[in-house]
């Protein structure tokens, strides 16, 4: 939620000269995206987003991310389209950072999504899973089991500062998930970070999906599990069964889950909760107070973890309830 | 440079329903303005800025600020125009804060203004001074001599933490300025904060002046002195005579300064440098590290103060040099 890098109009006009995107009328740093700097541009042609990739993003991944957005947009997913320069490239450089100009999507992300929005999100994520089939590039999930273990190694010594006993809890989870993680479910490209601030709505319908910078190849049902974590819990930590039911039903309208995927949901949701808990915990312990990066409470995801641990059947998420 | 208050699309759509400004398409918190939260809105009609007034702004001053913008816009100054609601009001409320919807001005503020821009700014501030004549409301300058003394009383005990000896320096300045401050120069409404980030340019011309939240009644030449401080010093602290000459010449093209105003410039510039030094010093000492508010180095303005102290004649600023 910050602009890390300021740019001058001289630099920006020089960058725009490589595109056929009109002349610059205004640009404003916007308070969105937690990893990169984003500017909203108005030109004589249209509105655009210029994203400056800060050091958390590996430059080698940019062709995957931007190519995926282009592939998805071509296959009917409403997502930002990277604008090609006149020389055919999509990656530019400004202020010593790689940068991409992408189309601006109208729409608002919902601070308080309702069940009908969760159904739309379910449909949208399933649509994305199907549309991504056939995309030529692939990218392993850096935040899968091995990535969790790496993060945990760095965070473990101080985890009990956040809550006494947390260390023991996480060790047990990692052991369980390492043993039981499913290896034979349908895979494909997943968004991997589909939180409410990454989905725009307009007139009650999804108008756009943004922020593909965690997208990767992994279990499709793991993406659904992340959506349950991201959309179906209330501020007090309770699971909203109505929202979960709606989200799962929306997904299945477009891509029915296989029985093995349904059965794996509690484990996948637990893994997903652990993944977000670990990145939050790591940031919590390592980012100095007052840095521009948002620090979010890892305990919110510890509570989700505890919830998923005690699930006995996927029906408790609302699967198949209509 | 921050968005202090998040708003939901539900609140925002309810607010917009009071206006005839179209339906909401998108809104983004923008990283501009140091006192308030600002959102850039796209509606089916146009682009707008929604400003939420945070607690640093006195709600009782809003009719002055918004009325002034309306008056200036009506008198040919390119500045944002507050949009009236259907009930005729200009002040709304959202997220428990007073808020105003204003028109969006295209244009960019210049990170590295050149002399020709300084001339434009001189012309623009003179035009503003003339256009503001006849505005019915008035507002004393809360950051004039008495205000400086108040700030100093709070900051003085710790001023030497910033630089040893600073306390003694400032005491001497306050005494000199209190004794010699001119009482008989032309007065009127001044912008009082016309830094580069408050002036937009498009195609080499001023396309808009924004942020009237320090505007007040005071000596017109004091506003010119503030522009010298804001536009005509380089990053290394040196005074750029070419920029100063251009700014003063631009001003005088539209409103020639009286001999007494010219003579008073070194004192006014010294007072203005002290004013910005004091607010920075106060923030520096009181705002906790890591707060959202930008803390700027007071020493930058201590160096300006020292520069103005040794000026022997206004010609050293470039006045009358053509």
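Chains as they are written, first to last, in the numbering used here: chain F, 62 to 383; chain G, 62 to 383.
Don't be surprised by glycine CBs; every beta carbon is placed ideally from N, CA and C.
Could you check whether the Cβ of residue 178 of chain F sits closer than 8 Å to any Cβ belonging to chain G? no
Could you give the distance in angstroms between the alpha-carbon of residue 69 of chain F and the alpha-carbon of residue 262 of chain G? Distance from the CA atom of residue 69 of chain F to the CA atom of residue 262 of chain G, rounded to whole angstroms, is 12 Å.
Within the continuous beta strand (DSSP E) that includes residue 109 of chain G, where are the two ends? 108 to 113
Would a check of beta-carbon distances place residue 299 of chain G closer than 8 Å to chain F? no
Test item: CB-CB of residue 109 of chain F and residue 166 of chain F under 8 Å: no
Rounded to whole angstroms, what's the CA-CA distance from residue 348 of chain G to residue 274 of chain G? Just pull it up for me. 21 Å
Collapsed DSSP secondary structure at residue 62 of chain F in the structure displayed: Because the pLDDT of residue 62 of chain F is 49, which lies under 50, any placement of that residue in the model is unreliable, and the number read from its coordinates should be weighed accordingly. Reduced to three states, the DSSP call for residue 62 of chain F is coil.
Just to check my reading of the structure: residue 326 of chain G and residue 378 of chain G have Cβ atoms closer than 8 Å, yes? What is that Cβ distance to the nearest angstrom? 6 Å
Chain F contacts made by the stretch 75 to 100 of chain G, where a contact means CB separation under 8 Å: Under the 8 Å Cβ criterion, the stretch 75 to 100 of chain G contributes 85, 86, 87, 88, 89, 90, 91, 92 and 93.
Is the beta carbon of residue 238 of chain G closer than 8 Å to that of residue 282 of chain G? no
Where does the unbroken beta strand (DSSP E) through residue 266 of chain G begin, and where does it stop? 266 to 270
Between the CA atoms of residue 89 of chain G and residue 370 of chain F - distance to the nearest angstrom: 38 Å
Measure the alpha-carbon distance for residue 302 of chain G versus residue 181 of chain G and round it to whole angstroms. Taking the straight line joining both Cα atoms gives about 16 Å.
Would you decide whether residue 120 of chain F is buried or exposed? Buried here means 16 or more other CB atoms lie within 10 Å of its CB. exposed
Cβ-based neighbour list, residue 332 of chain G, same chain, cut-off 6 Å, excluding 5 preceding and 5 following: 238
Mind reading off the beta-carbon distance from residue 339 of chain F to residue 209 of chain F? Whole number of angstroms is fine, and I expect it under 8 Å. 6 Å
Out of F:299, F:277 and F:304, point me to the one whose CA is closest to residue 202 of chain F's CA. F:277
Going along chain F in order, which residues have a C-beta closer than 8 Å to the C-beta of residue 168 of chain G? 86 and 87
Does any residue of chain F have a CB that is nearer than 8 Å to the CB of residue 153 of chain G? no
Does the beta carbon of residue 139 of chain F sit closer than 8 Å to a beta carbon anywhere in chain G? no
Burial state of residue 105 of chain G, where buried means 16 or more other Cβ atoms lie within 10 Å: exposed
What is the C-beta distance between residue 311 of chain G and residue 183 of chain G, in whole angstroms, given that I count them as a contact (C-beta under 8 Å)? 3 Å
Would you mind sorting residue 71 of chain G into buried or exposed? The rule is 16 or more other CB atoms within 10 Å of its CB. Exposed.
Taking just the CA atoms, how far does residue 221 of chain G sit from residue 155 of chain F? 40 Å
Taking buried to mean at least 16 other C-beta atoms within 10 Å of its own C-beta, is residue 139 of chain F buried or exposed? buried
Between the stretch 217 to 243 of chain G and chain F, which residues of the former have CB atoms less than 8 Å from a CB of the latter, in chain order? none
Chain-ordered chain B contacts of residue 103 of chain G [CB-CB under 8 Å]: In the structure shown, chain B cannot be found, because the protein chains are F and G.
For residue 64 of chain F, which residues in chain G fall below 7 Å Cβ to Cβ? 92
Evaluate residue 304 of chain G with the Cβ neighbour count: other Cβ atoms within 10 Å of its Cβ, from every protein chain shown; 16 or more gives buried, anything less gives exposed. Under this definition residue 304 of chain G is a buried residue.
Can we say the stretch 235 to 251 of chain F touches the stretch 91 to 100 of chain F, given the rule of at least three CB pairs closer than 8 Å? Touching, no, given that fewer than three Cβ pairs across the two stretches are closer than 8 Å.
Between the beta-carbon of residue 363 of chain F and the beta-carbon of residue 235 of chain F, is there less than 8 Å? no
Of all Cβ atoms in chain F, is any one closer than 8 Å to the Cβ of residue 70 of chain G? yes
Relative to the alpha-carbon of residue 367 of chain F, which residue among F:233, F:260 and F:86 has its alpha-carbon at the smallest distance? Nearest option by C-alpha distance: F:233.
According to DSSP, which residues form a beta bridge with residue 169 of chain F? F:262
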